[in-house]
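Heads up, the sequence shown is in the working numbering, so the first residue is 176 and it goes up one at a time. One structure is given below, encoded as structure tokens.
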Amino acid sequence: MFVSVNNININLIDMKRIKLYALGLLSAGLLTVGLYACSNDDRDNSRQESEQLQNTVFSAETNIKIGRIEKGKVKAFFNPEDFKREFLKYDLLEEIESVELSENYLTIIGKDKQDFSLVALQVKLEKVGSDLYFPSFEDATQVLTTNKCSGNSCSSCDFTRNEKKEITGCKCDSTGTCNHTKTDEGNDGLDTAEKVISIISAIISTVVILI
Numbered sequence: 176m177f178v179s180v181n182n183i184n185i186n187l188i189d190m191k192r193i194k195l196y197a198l199g200l201l202s203a204g205l206l207t208v209g210l211y212a213c214s215n216d217d218r219d220n221s222r223q224e225s226e227q228l229q230n231t232v233f234s235a236e237t238n239i240k241i242g243r244i245e246k247g248k249v250k251a252f253f254n255p256e257d258f259k260r261e262f263l264k265y266d267l268l269e270e271i272e273s274v275e276l277s278e279n280y281l282t283i284i285g286k287d288k289q290d291f292s293l294v295a296l297q298v299k300l301e302k303v304g305s306d307l308y309f310p311s312f313e314d315a316t317q318v319l320t321t322n323k324c325s326g327n328s329c330s331s332c333d334f335t336r337n338e339k340k341e342i343t344g345c346k347c348d349s350t351g352t353c354n355h356t357k358t359d360e361g362n363d364g365l366d367t368a369e370k371v372i373s374i375i376s377a378i379i380s381t382v383v384i385l386i
């Protein structure tokens, strides 16, 4: 059987056209899939950013930003000495030993006006991303606790804490023992809680420098 060279060339050209057409369809399909995947990724990213923004805006409207976590360390947006000076004006404690901001709590430690025992006011903070917020008034009255250490033949008491910096009890740094009492102000003393929280909120509004 005789096949001409022209027929062979035509067949080769047709095969090349078919291959090019097939490659074109494959490329178009891959491009469509890629664009669809990118579109989904963009939508997911936009949704996450929108949700995070809504959370941040909600917190900023109802709460007060008092610190931020930077490189694993807590950075306070206020000077503890300014806070101490303002707090003492309200005559709640005889003196203030420290004002501490951790990732979970704002803790004010001082001496009771009646018996000079060790007192700690502790408020659980709200965390949004890396930012730390002092909770709104209604929420704060539910998360305020008052801890007291009274010495039993002990001249120097101190608080014990867990890994989250929550006060868990008392210890004696000398001889003797220390008795620990903890009051959940939100349940046992709402009037006291409202007074303390209103004072702390007023001080924070004065001394906090937003960054």
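C-beta atoms are modelled at their ideal positions from N, C-alpha and C, and glycine is treated no differently.
Whether residue i touches residue j by CB criterion (8 angstroms)
{"i": "I239", "j": "Q297", "result": "no"}
{"i": "L300", "j": "L281", "result": "yes"}
{"i": "L276", "j": "I241", "result": "yes"}
{"i": "L320", "j": "T358", "result": "Position check: residue 320 holds Thr in this sequence, whereas Leu was assumed. Taking 8 angstroms as the Cβ cut-off, T320 and T358 qualify as a contacting pair."}
{"i": "I384", "j": "E261", "result": "no"}
{"i": "E270", "j": "K248", "result": "no"}
Closest by C-alpha distance to residue i, when choosing among the options
{"i": "N322", "options": "A295, I372, I375, E278", "result": "A295"}
{"i": "V174", "options": "F258, I378, K286", "result": "Residue 174 lies beyond the residue range present for the chain, which begins at 176 and ends at 386; the question has no answer from this structure."}
{"i": "F253", "options": "Y308, K339, D333", "result": "Y308"}
{"i": "Q317", "options": "K286, V303, T367, I384", "result": "T367"}
{"i": "T441", "options": "G247, D359, Q289, N327", "result": "Given that the chain is displayed from residue 176 to residue 386, the structure contains no residue 441 and the question cannot be resolved."}
{"i": "D348", "options": "T358, F334, E338", "result": "F334"}
{"i": "I375", "options": "G247, K250, P255", "result": "P255"}
{"i": "F291", "options": "E272, V371, A315", "result": "E272"}
{"i": "S373", "options": "N354, K346, A315", "result": "A315"}
{"i": "C345", "options": "L293, K246, K288", "result": "L293"}
{"i": "K288", "options": "G304, K339, S305, Y265", "result": "Y265"}
{"i": "E369", "options": "D306, E313, I283", "result": "E313"}
{"i": "E246", "options": "I284, D306, L263, I283", "result": "Residue 246 is actually Lys in this sequence, not Glu. With distances taken between Cα atoms, K246 lies closest to D306."}
Whole-Å CB distance - residue i paired with residue j, under 8 angstroms assumed
{"i": "C329", "j": "T352", "result": "6 angstroms"}
{"i": "K250", "j": "E278", "result": "Incorrect: roughly 11 angstroms between the Cβ atoms, too far for contact."}
{"i": "N354", "j": "S325", "result": "5 angstroms"}
Which of helix, strand or coil DSSP assigns to residue i
{"i": "A235", "result": "Low confidence applies here, because A235 scores a pLDDT of 38, under 50, leaving its location unreliable; read the following figure in that light. Helix."}
{"i": "E224", "result": "With a pLDDT of only 44 at E224, under the threshold of 50, the placement of this residue in the model should not be trusted, and no figure is reported."}
{"i": "Y196", "result": "Low local confidence applies: a pLDDT of 48 at Y196 is under 50, so the model's placement there is unreliable, with the coordinate-based value given in what follows. Y196 falls in the helix class under three-state DSSP."}
Min CB distance residue i to chain C below 8 angstroms
{"i": "F252", "result": "Chain labels in this structure do not include chain C; a single protein chain is all it has."}
Complete beta strand (DSSP E) runs within the region 310-383 (minimum length 3 residues, chain order): As for any beta strand (DSSP E) of minimum length 3 sitting wholly inside the region 310-383, the runs are 319-327, 332-336, 342-347, 352-359, ordered along the chain.
Segments assigned beta strand (DSSP E), at least 3 residues, entirely inside the region 241-314: Counting whole runs of 3 or more residues, the region 241-314 contains the beta strand (DSSP E) stretches 248-251, 270-276, 280-286, 293-299, 301-303, 306-309.
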